[in-house]
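S.K.: To get the working numbering, take the position in the sequence shown, counting from 1, and add 2.
Beta carbons are placed, not taken as given, at the ideal position from N, Cα and C, and that holds for glycine.
Here's a structure for you.
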Amino acid sequence: MSSQMKKPFRLLDLPAEIRDQIYHEILCTWPAYKSTWDEAKQQAVVPTEVAVMHRKIETAILRTNKQVYQEAKTVLLRGNQFIRVSIKGFRPLQFLFIPSQVPVVTINQDVITKYKGFVMTHSIDITDDPAPLKGQFEVMILRRDLDRFAAALSKADISSPNFTATSKHTVTLHNPFVGTLTPKFLDSKNQERLFASYRKHLHSFKNFKIDGKVKAEIANAVSTEIRQERIPDPQELVEDIKRQKDLGNKHYLEGDTVKCSDDWCGALIQLHRLAKSHVWSRVKAAGGKPFTDKVTELFFQLNINRMQGTIKVMQQSAPQERAQYADDVYEAGQSASMASQVLGTDWKPSLEQRAKLTYRLAMTHRLADDDKRVAQQMINLAAGACPEDPAIQREREAIRRWASER
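Structure follows, in structure tokens:
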């Protein structure tokens, strides 16, 4: 009878590789990035909340015995590589984490303060207060999502003007692997991997330093590269901006107004930042007039696309909600009209391009139930430049009917 009884399951009887897979499944499996696409509405939804991953790590296995504890802890730290983001001086959720939807482990300040297993801390300060960080807001993310976080930092100027120029960054590398089965895990190779996303996305961040348990040569090389302003090749710059514009166009046609806006705004931020840099005159001189004409036209077109993307959101919204988007369209229209001034060139839009601008301004005034007189002036300018354009003629008639209403 006893010989037929099943033997109890013993984790340590399994091969080490299988045990590691079990630990990883229990301790390191997180939800995938959540899309902003609404399948029911067949459109992208503007995010309003932090993308917190609602997943509780079951740590009971760590209490099995000393060997299992050591093995599981090593897998926990290596598989997750938790990163602490400490931010002082602005609203990080609204400016960084909600628009980018960087997956977040937790925003529970007590949990973050008490946890001792971070592989890295990224401290951000946009105040002029020399005192130590106090009253800062903290977020915990995974190494897996560091690339998305770095990309969000590179675009933060959209929500917080001059963020790149004024923010102060200190990235501190820790070594939570001391006392684990892999105490030398953070070797040069893995340090380079940790900083790869920063190198990929961040440039012209003048106040950026790296310290902690990091090799001096790696810290110096990465921070120097991030602080430097790149001098782009004119042709490569045009191709890169066009690629971002085309990607935004693709997302727009797919109905994803969030992604297309990110693409277009990212390209515009890149051009704005470059135009304010001391290397811009050298780039223009190297490229000549063909380059300055093309890049200014792209700047104009990107803003026209921004206008259209926001207009689409207005059209999909309830009438009483449309007015809140109008200022975004007007701002993009003003930016388009100032393309040559912003970039310091002599390019001028064609009559057809001006018509696209005034047509969108006119439509926005109507959709937002704004200024009827301005709407009529704008649509008449568009119709005068493109009298055979059916879309402009339809909008002209829609504005005529709207203007006749009391």
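With distance defined between alpha-carbon atoms, name the residue in 353, 365, 302 nearest to residue 266.
M.R.: Here residue 266 corresponds to residue number 264 of the sequence shown, with the count starting at 1. The candidate whose alpha carbon is nearest that of residue 266 is 302.
S.K.: Between the Cα of residue 18 and those of 56, 31, 73, spot the shortest distance and give me the residue it belongs to.
M.R.: To locate residue 18, count along the sequence shown from 1; it is residue 16. Comparing Cα-Cα distances from residue 18 to each of 56, 31, 73, the minimum goes to 73.
S.K.: For the region 168-176 against the region 110-128, do three or more pairs of beta-carbon atoms, one drawn from each stretch, fall closer than 8 Å, so that the two count as touching?
M.R.: yes
S.K.: Taking the alpha carbon of residue 363 as the reference point, which residue from 396, 84, 287, 376 has its own alpha carbon closest?
M.R.: Indexing the sequence shown from 1 puts residue 363 at position 361. Selected option, being the one with the closest Cα: 376.
S.K.: Determine the extent of the beta strand (DSSP E) in which residue 340 is found, giving its start and end residues.
M.R.: As a first step, residue 340 must be located in the sequence shown, where it is residue number 338. Run containing residue 340: none; DSSP gives neither H nor E here.
S.K.: Keeping to the same chain, check which residues put their C-beta closer than 7 Å to that of residue 384; ignore five residues upstream and five downstream.
M.R.: Here residue 384 refers to the residue found at position 382 of the sequence shown. 357, 360, 361, 364, 394.
S.K.: Please state the DSSP three-state secondary structure of residue 179.
M.R.: Translated into the one-based positions of the sequence shown, residue 179 becomes position 177. Under the three-state reduction of DSSP, residue 179 is assigned to coil, being neither helix nor strand.
S.K.: Once you ignore the five residues that flank residue 200 on each side, which residues in its own chain have a CB closer than 7 Å to its CB?
M.R.: Position 198 of the sequence shown, counted from the start, is the residue given in the question as residue 200. Same-chain partners within the cutoff: 152, 224, 228.
S.K.: Which runs of the beta strand (DSSP E), 3 residues or longer, sit entirely within the region 104-154?
M.R.: 122-127, 139-144
S.K.: If contacts are defined as beta-carbon pairs under 8 Å, then residue 53 and residue 103 qualify, I think. What distance do you get, rounded to the angstrom?
M.R.: As a first step, residue 53 must be located in the sequence shown, where it is residue number 51. As a first step, residue 103 must be located in the sequence shown, where it is residue number 101. Sure, about 4 Å apart at Cβ, within 8 Å.
S.K.: In three-state DSSP terms, what is residue 211?
M.R.: Locating residue 211 in the sequence shown gives position 209, counting from the first residue. If DSSP states are grouped into helix, strand and coil, residue 211 belongs with the strands.
S.K.: Look at the alpha carbon of residue 101 and the alpha carbon of residue 222, and state the distance between them as a whole number of angstroms.
M.R.: Stepping through the sequence shown from its first residue, residue 101 is reached at position 99. Stepping through the sequence shown from its first residue, residue 222 is reached at position 220. Their Cα atoms are separated by approximately 31 Å.
S.K.: How many angstroms separate the CA atom of residue 154 from the CA atom of residue 99?
M.R.: Along the sequence shown, one-based indexing puts residue 154 at 152. Along the sequence shown, one-based indexing puts residue 99 at 97. Their Cα atoms are separated by approximately 8 Å.
S.K.: When you compare the CB positions of residue 60 and residue 28, do they come within less than 8 Å of one another, or not?
M.R.: The residue you call residue 60 lines up with position 58 of the sequence shown. The residue you call residue 28 lines up with position 26 of the sequence shown. Taking 8 Å as the Cβ cut-off, residue 60 and residue 28 qualify as a contacting pair.
S.K.: Just the Cα atoms here: how many angstroms apart are residue 258 and residue 205?
M.R.: As a first step, residue 258 is located in the sequence shown; it is residue number 256 there, counting from the start. As a first step, residue 205 is located in the sequence shown; it is residue number 203 there, counting from the start. If I take the Cα positions, the gap works out to 28 Å.
S.K.: Could you please give the first and the last residue of the uninterrupted alpha helix (DSSP H) stretch that includes residue 368?
M.R.: For the purposes of this step, residue 368 is identified with residue 366 of the sequence shown, where counting begins at 1. Counting along the chain, the alpha helix (DSSP H) containing residue 368 begins and ends at 353-369.
S.K.: Restricting to Cα atoms, I'd like to know which of 56, 58, 75, 57 is closest to residue 65.
M.R.: The sequence position of residue 65 within the sequence shown is 63, counting from 1. Measuring from the Cα of residue 65, the nearest candidate turns out to be 75.
S.K.: Apply the 10 Å Cβ neighbour rule to residue 180 and answer buried if 16 or more other Cβ atoms are within range, or exposed otherwise.
M.R.: The residue labelled residue 180 in the question sits at position 178 within the sequence shown. Flag for residue 180 reads exposed.
S.K.: Check for me: the alpha helix (DSSP H) holding residue 199 runs from which residue to which?
M.R.: The residue labelled residue 199 in the question sits at position 197 within the sequence shown. Unbroken alpha helix (DSSP H) run through residue 199: 190-203.
S.K.: Tell me, which residues are paired with residue 171 by DSSP?
M.R.: Against the sequence shown, residue 171 aligns to sequence position 169. DSSP lists 126, 210 as partners of residue 171.
S.K.: When DSSP labels each residue in this structure, what does residue 59 get in the three-state scheme?
M.R.: Here the question's residue 59 lines up with position 57 in the sequence shown. Coil at residue 59, not helix or strand.
S.K.: In terms of alpha-carbon separation, which member of 251, 166, 12, 13 lies closest to residue 275?
M.R.: Here residue 275 refers to the residue found at position 273 of the sequence shown. Closest option to residue 275, Cα to Cα, is 166.
S.K.: May I have a chain-ordered list of the alpha helix (DSSP H) segments no shorter than 4 residues that lie completely inside the region 259-325?
M.R.: 259-277, 282-318
S.K.: Using a 10 Å radius around the Cβ and a threshold of 16 neighbouring Cβ atoms, would you call residue 340 buried or exposed?
M.R.: On the sequence shown, residue 340 is found 338 positions in, with the first residue counted as 1. It is exposed - the Cβ of residue 340 has fewer than 16 other Cβ atoms within 10 Å.
S.K.: Who are the near neighbours of residue 397 in its chain, counting only those whose CB is closer than 7 Å to its CB and skipping five residues on each side?
M.R.: For the purposes of this step, residue 397 is identified with residue 395 of the sequence shown, where counting begins at 1. Once the five neighbours on either side are set aside, the close Cβ partners of residue 397 are 361, 364, 365, 381.
S.K.: Run through DSSP, which three-state label would residue 93 get?
M.R.: On the sequence shown, position 91 is the one that residue 93 refers to. Here residue 93 sits in coil by DSSP.
S.K.: For the alpha helix (DSSP H) that residue 406 lies in, which residues bound it at each end?
M.R.: The residue labelled residue 406 in the question sits at position 404 within the sequence shown. Note, residue 406: alpha helix (DSSP H), 392-406.
S.K.: Inspect the beta-carbon positions of residue 297 and residue 233 and report whether they are closer than 8 Å.
M.R.: Stepping through the sequence shown from its first residue, residue 297 is reached at position 295. Stepping through the sequence shown from its first residue, residue 233 is reached at position 231. No, these two residues do not count as a Cβ contact at 8 Å.
S.K.: Less than 8 Å separating the beta-carbons of residue 236 and residue 311?
M.R.: Numbered from 1 along the sequence shown, position 234 holds the residue referred to as residue 236. Numbered from 1 along the sequence shown, position 309 holds the residue referred to as residue 311. Contact flag unset, no.
S.K.: Beta-carbon within less than 7 Å of residue 119's beta-carbon, same chain only, minus the 5 sequence neighbours each way: which residues are those?
M.R.: Reading the sequence shown from its first residue, position 117 is the one you call residue 119. Closer than 7 Å at Cβ, skipping near neighbours: 79, 84, 178.
S.K.: What would DSSP say about residue 156, mapped onto helix, strand or coil?
M.R.: Against the sequence shown, residue 156 aligns to sequence position 154. Here residue 156 sits in helix by DSSP.
S.K.: Using the rule of at least 16 other Cβ atoms within 10 Å of the residue's Cβ for burial, across every protein chain shown, is residue 16 buried or exposed?
M.R.: Start at 1 with the first residue of the sequence shown, and residue 16 comes out as number 14. Counting of Cβ neighbours within 10 angstroms places residue 16 among the exposed residues, the total staying below 16.
S.K.: With distances taken between CB atoms, is the gap from residue 107 to residue 144 smaller than 8 Å?
M.R.: As a first step, residue 107 must be located in the sequence shown, where it is residue number 105. As a first step, residue 144 must be located in the sequence shown, where it is residue number 142. Yes, Cβ-Cβ distance for residue 107 and residue 144 is below 8 Å.
S.K.: From residue 370 to residue 326, what distance separates their C-alpha atoms?
M.R.: As a first step, residue 370 is located in the sequence shown; it is residue number 368 there, counting from the start. As a first step, residue 326 is located in the sequence shown; it is residue number 324 there, counting from the start. Whole-angstrom Cα-Cα distance: 8 Å.
S.K.: Give me the Cα-Cα distance between residue 354 and residue 202, rounded to the nearest whole angstrom.
M.R.: Within the sequence shown, the letter at position 352 stands for residue 354. Within the sequence shown, the letter at position 200 stands for residue 202. Each residue's Cα considered, the two are about 38 Å apart.
S.K.: What does the alpha-carbon distance come out to for the pair residue 348 and residue 307?
M.R.: For the purposes of this step, residue 348 is taken as residue 346 along the sequence shown, with counting starting at 1. For the purposes of this step, residue 307 is taken as residue 305 along the sequence shown, with counting starting at 1. Cα-Cα distance, rounded: 22 Å.
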